[in-house]
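Numbering (the numbering used here), first residue to last: 791 to 1107.
Cβ atoms here follow ideal geometry from the backbone N, Cα and C, with glycine treated the same way.
Values in this document were obtained by computation on a predicted structure and should not be read as measured data.
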């Protein structure tokens, strides 16, 4: 009997000790929770940023397959935003386009479009420009900047067209790049828009955007061309160039992108580099997106139907 009583007493003591320990643990946990709540910052009551409601930005570990899918989706969405995308140089034939593209270096397409009507009125064919007085051409091209070098290029390429191609602009890359002042970028502009042959135009806008989107980390134009070209079927190349360049000129600017007004923000790893407030971002939009005139004096009808306005001629108020 004494042994049984001793066992019951020991069991009771052990249970009481366990209960006391449990109470101490619970109290300590409660104290820690209270302390954390007291020191934690209050949740922000400001509205979520535009990014918080969008898909997460792609990571640098993105697979090749995921990159291809994202790049093609961006192009599809840009095609919906800019169904009227087009070359923003005025031209009526391949000769006018190759000359205008050479003149567009270090200036705007608008300035070129305001200058070429006078140039082509006086020198409508390669034969005419090849025989032109350089000083007279320089005076016409002065508004485009670097007018002496550009005069040498356009007269030189006109002479080459007359002497080597019977006054016709060739439709092959290897022939175009032999013309004075014509590099791969100019050649692809001409091939894609005058001859309907696919090409990627790697201008400053294109370079900036494809790197922001992490389509490539290359910095040299020919390597960018190869890297981006590998992500798309060849048939997409010309319009892809127009979509990207249009977007770079209107929304994804070099110094201050209008991130808050960007239709592809969910797909952009660089979201947040520019203005994210939607109302402030709208103020940064250019050309037809901002309600301003475009760069062409004679734009396509589709552009006009979309709300775009023609640029004013040179000297217009």
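Asked: Name the DSSP beta bridge partners of residue 1004, please?; Found: None; residue 1004 has no bridge partner.
Asked: Using the C-alpha atoms, what's the distance from residue 1044 back to residue 1008?; Found: 18 Å
Asked: So, using beta-carbon positions, are residue 875 and residue 1082 closer together than 8 Å?; Found: no
Asked: Just list the alpha helix (DSSP H) runs in the region 1071-1103, keeping only unbroken ones of 4 residues or longer that don't cross its boundaries, in chain order.; Found: 1077-1080, 1091-1095
Asked: When you compare only the Cα positions, how much space is there between residue 935 and residue 854?; Found: 42 Å
Asked: Checking 8 Å against the spacing of the C-beta atoms, do residue 1040 and residue 878 come in under that value?; Found: no
Asked: Within this structure, are the beta carbons of residue 1112 and residue 975 separated by less than 8 Å?; Found: Shown here, the chain extends from 791 to 1107; a query on residue 1112 therefore has no answer.
Asked: Can you tell me where the alpha helix (DSSP H) with residue 1032 in it begins and where it stops?; Found: 1027-1040
Asked: Counting only the same chain and skipping the five closest in sequence on each side, list residues whose C-beta sits under 8 Å from that of residue 1090.; Found: 874, 876
Asked: Any idea what DSSP makes of residue 997, helix, strand or coil?; Found: helix
Asked: Count the other CB atoms, across all protein chains shown, that sit within 10 Å of the CB of residue 921; report buried if there are 16 or more and exposed otherwise.; Found: exposed
Asked: Please classify residue 980: does DSSP put it in a helix, a strand, or coil?; Found: helix
Asked: So for residue 1019, helix, strand or coil by DSSP?; Found: helix
Asked: Which value, in whole angstroms, describes the spacing of the CA atoms of residue 1065 and residue 1057?; Found: 17 Å
Asked: Are the CB atoms of residue 1071 and residue 1048 nearer to each other than 8 Å?; Found: yes
Asked: Going straight from the alpha carbon of residue 786 to that of residue 1059, what length do you get?; Found: Examination of residue 786 is not possible in this model, given that the chain is present from 791 through 1107 alone.
Asked: To the nearest whole angstrom, what separates the beta carbons of residue 757 and residue 1094, a pair I think is in contact under 8 Å?; Found: Not covered by the structure: residue 757. The range shown for the chain is 791 to 1107.
Asked: DSSP on residue 962, reduced to helix/strand/coil?; Found: coil
Asked: Compute the Euclidean distance between the alpha carbons of residue 1005 and residue 852, then round it to the nearest angstrom.; Found: 10 Å
Asked: Report yes or no: do the region 1073-1082 and the region 881-891 share at least 3 C-beta pairs separated by less than 8 Å?; Found: no
Asked: Please report the residue range of the alpha helix (DSSP H) in which residue 899 lies.; Found: 899-912
Asked: When you compare only the Cα positions, how much space is there between residue 1014 and residue 881?; Found: 27 Å
Asked: Which whole-angstrom value describes the C-beta separation of residue 1000 and residue 1018, a residue pair presumed to lie in contact below a C-beta threshold of 8 Å?; Found: 5 Å
Asked: Between residue 951 and residue 970, is the Cβ-Cβ spacing less than 8 Å?; Found: no
Asked: What would DSSP say about residue 858, mapped onto helix, strand or coil?; Found: helix
Asked: Alpha carbon to alpha carbon, what distance is there between residue 966 and residue 960?; Found: 6 Å
Asked: Assuming residue 857 contacts residue 1021 (C-beta within less than 8 Å), just tell me the rounded distance between them.; Found: 7 Å
Asked: Expressed to the nearest angstrom, what Euclidean distance is found between the alpha-carbon atoms of residue 923 and residue 954?; Found: 21 Å
Asked: Apart from the five residues on each side of it in sequence, which residues of its chain come closer than 6 Å, Cβ to Cβ, to residue 984?; Found: 884, 887
Asked: Using the Cα positions of residue 925 and residue 906, report the straight-line distance between them to the nearest angstrom.; Found: 16 Å
Asked: Can you check which of these residues, 939, 1031, 918, 997, is closest to residue 957 by C-alpha distance?; Found: 918
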